[in-house]
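Below is one structure, written out as structure tokens, with a few remarks after it.
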Amino acid sequence: MESSKQRPWAPERKRPVLHVFGAIMLMSWARTLLGDSCFATVVLARRRPCPSTSLTAKAADTDLAVSEDWAADEPEDIEDLAIPKLRRSSLKLKGIEKSPELDIDTVTAFVQEELGNTIFKASEPGEVSVEDPKGHTDLKSAAAILQRWALRREPQEGAKEELIEAIKFALSRDVPEPHTLASLMWSCGRLKVDDIAPLLAPMQELLPEVAPSMNAQNLTTFWCSVAKIQELAEEVDDMIPVLLDAIEEKADELRPNQLAAFIWAAGMLDLKQSEVERIKAHFAGRLSRGDMQSLPLKDIANFAFGLAQLDFRDSVMLETIAATTTEMAEACKSKPAMQDLPMIVMSLTRLGHKERSMNKLLDAVASRLQRKRVLKKMPAWSLAVLYWAWPNDGLEGVRDMQEVLRPEVEKRIAKKEFTYRMLERSWKGPKEWRRRIDSSVKIPA
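Set out below in structure tokens:
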């Protein structure tokens, strides 16, 4: 018989608690799945804080992670490993059987609903509001919207010019916080240069004042973004000495993955010889054997490529790269085997490394790449550069991989995936080797 005394945890009393708990759990899952940068589109709301918004209050203060992976559907694009990507595959719940897949749109919609009266809304095409209650442009909010567009690479055409002008005005009015300026530059590195060109001059003017306050992560992100757009935007040339001074001050604070990204970007930049010598003296030899063993192959590959571009021939460092890669080669997965191992072999070949450690590395790479169908699946540049880099001078203990590679190379050339001229300049990297394709040249039979 039901007691007339009401139970202390009756269902009707549980309901509000469960609602709050459910909201907090979903926000926690979103943070775990997407990382701190997933809340870049959320700005601190000007209202009384509540549990559901506490996790998103630091959205605009989030530093950009220095981590990047090769795009599965773009195997031949050279992507800066310091620039983060957001993929659908990263949104899967881990550790739960038959876990559902969260869509970025769903997560974003949920966060914006929870922050119902936030400062800006960018949900309707062509309508962007980046003004604070006093009618001033909120730079942090505008930077968050630009970052979201850069992640999706789907800018709203109707609102793009309005947003760029709003950011430009805000930069002329206030000195941005270090992480905000780094966020803007990161977005500029992913968007079309023509779209973001109006922002480069004001950012260049502000950088000397802001750069000394940036942490190592923000500086690395800024440096790598400059490397991505320097070729198309001369405005960033004057940023290089300012950044180099600031990064040199923070050299001891650079983590191994940040240092690898910095060296890669340095190799991609058009630097003065004096700047190259500074980098070789203060940065290139900083990675220890233990540091390198903590890195994934993709970071080691980019570090090695940067050293080759800078012509850094320190024998101890080259020995470390060769030995560490040899340890990792046999057990590495298909993707790094097909993309990162060829880049490391090419980089060490360019630097003239012919010690015994190189022989061991070549033997380990040959063993890994001769597994079933690996060569057939290898991207065109990886195949070409491996063929270019593999020694044919009879080094002791080195397999004659050129004989194994030649049939696949000739097959790809017959399919016009690349030419002999492209093969000869493959050492320039997966971006540069396609620069001068003369379609009038007939491919030799």
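For the sequence shown, the working numbering begins at -14 and goes up steadily by one. Cβ atoms here follow ideal geometry from the backbone N, Cα and C, with glycine treated the same way. These numbers come from a predicted model, not from an experiment.
Bounds of any alpha helix (DSSP H) do not take in ASN200, whose DSSP letter is neither H nor E. The stretch 349 to 363 makes no contact with the stretch 399 to 406; the number of CB pairs closer than 8 Å stays below 3. In the DSSP annotation of this structure, ASP255 is not part of any alpha helix (DSSP H), being labelled neither H nor E. Put simply, the backbone Cα of LEU148 is about 20 Å away from that of GLU220. Taken through DSSP and simplified to helix, strand or coil, PHE403 comes out as coil. Taking C-alpha positions only, ALA135 is separated from CYS173 by approximately 8 Å. A Cβ-Cβ contact shorter than 9 Å links ASN287 with ALA246. Secondary structure note for TRP366: its alpha helix (DSSP H) is the uninterrupted segment 365 to 374.
A straight-line Cα-Cα distance of about 22 Å links PRO187 and ASP255. The beta carbon of PRO197 sits closer than 8 Å to those of ALA231 and GLU234, all from its chain and outside the five residues before and after it, given in chain order. For CYS317, there is no enclosing alpha helix (DSSP H), as DSSP gives it neither H nor E. Between ALA308 and SER342 the beta-carbon gap is near 5 Å, inside 8 Å, which marks them as a contact. The straight-line gap separating the alpha-carbon atoms of PRO183 and ALA151 is approximately 11 Å. Taken through DSSP and simplified to helix, strand or coil, SER172 comes out as helix. For ARG137, the enclosing alpha helix (DSSP H) starts and ends at 124 to 137. Taken atom to atom, the span from the alpha-carbon of VAL178 to that of GLU216 is near 10 Å.
Excluding its 5 nearest sequence neighbours in each direction, ARG391 has no C-beta neighbour in its own chain below 6 Å. Under the DSSP assignment, ARG341 falls in the alpha helix (DSSP H) whose first and last residues are 341 to 354. Nearest C-alpha to ALA269 among LEU156, ALA167, VAL301 and GLU340: VAL301.
DSSP, read as helix, strand or coil, puts PHE268 in coil. Secondary structure of GLY291 (DSSP, three-state): helix. Distances from the CA of ASN377 to each of ASN344, TYR405, ARG356 and ARG274 were compared; the closest alpha carbon is that of ASN344.
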